[in-house]
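Asker: Numbering (the working numbering), first residue to last: 1 to 286.
Glycine included, each C-beta is placed from N, C-alpha and C at the ideal position.
The structure presented is a predicted model; accordingly, all values stated were derived computationally and were not measured.
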């Protein structure tokens with residue numbers, strides 16, 4: 001009996017094991033260069049994140065456990081991207097009742113609500129790094145501006161992938177080249193154009209500014225649909241602390257500011273304070 005057969009037989013005898021997967025040792029996502037990397041899917045929530053390095057018949061085995069609970073939650077709310085990609089690439093070597101085969105299909109799909117959430121999150125990151133890019137550019141800090149510009153277009157690339165109904169992959173720019181060559185060209189121009197660095201950043205700023213102005217409404221649907229669940233105004237703190245926003249990691253102040261500029265929302269006074277201060281809130285327009 002081979003090492004793999006013996007190891008799998010031992011796992012199959014455990015009542016908590018639902019499936020076993022192996023990641024090819026040549027895959028760039030393998031966290032260790034030595035040994036065989038296995039995912040063990042178990043029916044115990046507390047197992048998440050457990051990883052063991054073992055010697056089994058003088059062969060190094062890396063075993064990472066993941067619970068069915070985490071996978072079920074990931075299928076609905078999204079799974080950590082690196083973990084999701086590792087599971088996508090991993091080969092199923094034992095699967096009780098075809099659980100993992102079905103779960104792989106679920107993790108690969110992108111529901112409408114999950115798609116909107118990811119798009120809004122990436123859009124908020126675009127705004128964040130775009131503002132940084134312009135600030136550094138105005139202050140003459142070219143290397144800092146270049147770093148922020150790279151981050152800006154990186155998040156734009158991720159948003160484009162989500163819009164296409166897919167998940168970002170490690171080879172992101174190879175993926176984007178197939179989906180939207182114009183965005184790929186922007187990145188190429190920023191990286192390899194013979195123009196001076198300042199000029200390259202300025203050209204990117206113009207392109208991103210136009211893109212942001214034209215795509216705000218489509219990119220903030222997740223937030224708009226949340227705000228539609230309430231008839232009255234939303235205070236800034238209320239939005240920022242909402243579980244749906246915190247879980248999505250959306251940078252609300254930047255998105256709200258852009259929605260105000262694009263006349264998607266209106267700011268109104270919610271409450272007059274005793275000392276003459278007035279707290280404001282936001283309502284949807286139209």
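Less than 8 Å between the CB atoms is what I'm expecting for residue 21 and residue 100, so what's the real figure, rounded?
Answerer: 7 Å
Asker: Tell whether a beta-carbon distance below 8 Å holds between residue 123 and residue 255.
Answerer: yes
Asker: Report the CB separation of residue 149 from residue 94 in whole angstroms; it is logged as a contact under 8 Å.
Answerer: Not quite, the Cβ-Cβ distance comes to about 47 Å (not below 8 Å), so this is no contact.
Asker: In angstroms, rounded to a whole number, what distance separates the CA positions of residue 126 and residue 34?
Answerer: When only Cα atoms are considered, residue 126 and residue 34 end up about 38 Å apart.
Asker: Report yes if the C-beta distance between residue 145 and residue 137 is below 8 Å; otherwise report no.
Answerer: yes
Asker: Taking the continuous alpha helix (DSSP H) assigned at residue 86, which residues delimit it?
Answerer: 81-89
Asker: Is it buried or exposed, residue 152, if we count other Cβ atoms within 10 angstroms and call 16 or more buried?
Answerer: Buried, because 16 or more other Cβ atoms sit within 10 Å of the Cβ of residue 152.
Asker: Only counting runs of 3 or more residues, tell me where the beta strand (DSSP E) segments fall wholly within the segment 33-68, in order along the chain.
Answerer: For the segment 33-68, the full-length beta strand (DSSP E) segments reaching 3 residues or more read 36-42, 51-56 and 59-67 along the chain.
Asker: Considering only residues of the same chain and omitting the five flanking positions on each side of residue 120, which have a CB-CB separation below 8 Å?
Answerer: The answer, listed in chain order, is 219, 220, 221, 222, 223, 248, 250 and 255.
Asker: Relative to the C-alpha of residue 235, which candidate in 160, 258, 46 and 268 has its C-alpha closest?
Answerer: Checking every option, the nearest Cα to that of residue 235 belongs to 268.
Asker: Name, in chain order, the residues that DSSP records as bridge partners for residue 95.
Answerer: For residue 95, the beta-bridge partners assigned by DSSP are 19.
Asker: Roughly how many angstroms lie between the CA atoms of residue 25 and residue 285, to the nearest whole one?
Answerer: In a straight line, the C-alpha of residue 25 is about 54 Å away from that of residue 285.
Asker: If contacts are defined as beta-carbon pairs under 8 Å, then residue 200 and residue 190 qualify, I think. What distance do you get, rounded to the angstrom?
Answerer: Indeed they touch by this definition, with Cβ atoms about 5 Å apart.
Asker: Candidates 209, 225 and 139: which alpha carbon is nearest residue 113's?
Answerer: 225
Asker: Quick one: give me the first and last residue of the alpha helix (DSSP H) that residue 183 is part of.
Answerer: 181-192
Asker: Closest to residue 208 by C-alpha separation, out of 105, 130 and 92, would be which residue?
Answerer: 130
Asker: So, for residue 265: in the same chain, excluding its five sequence neighbours on each side, which residues have a beta-carbon less than 8 Å away from its beta-carbon?
Answerer: Only 227, 256, 259, 282, 283, 284 and 285 meet the Cβ criterion.
Asker: Enumerate in chain order the residues of its own chain whose CB-to-CB distance from residue 204 is below 6 Å, with the five nearest sequence positions on each side excluded.
Answerer: 149 and 190
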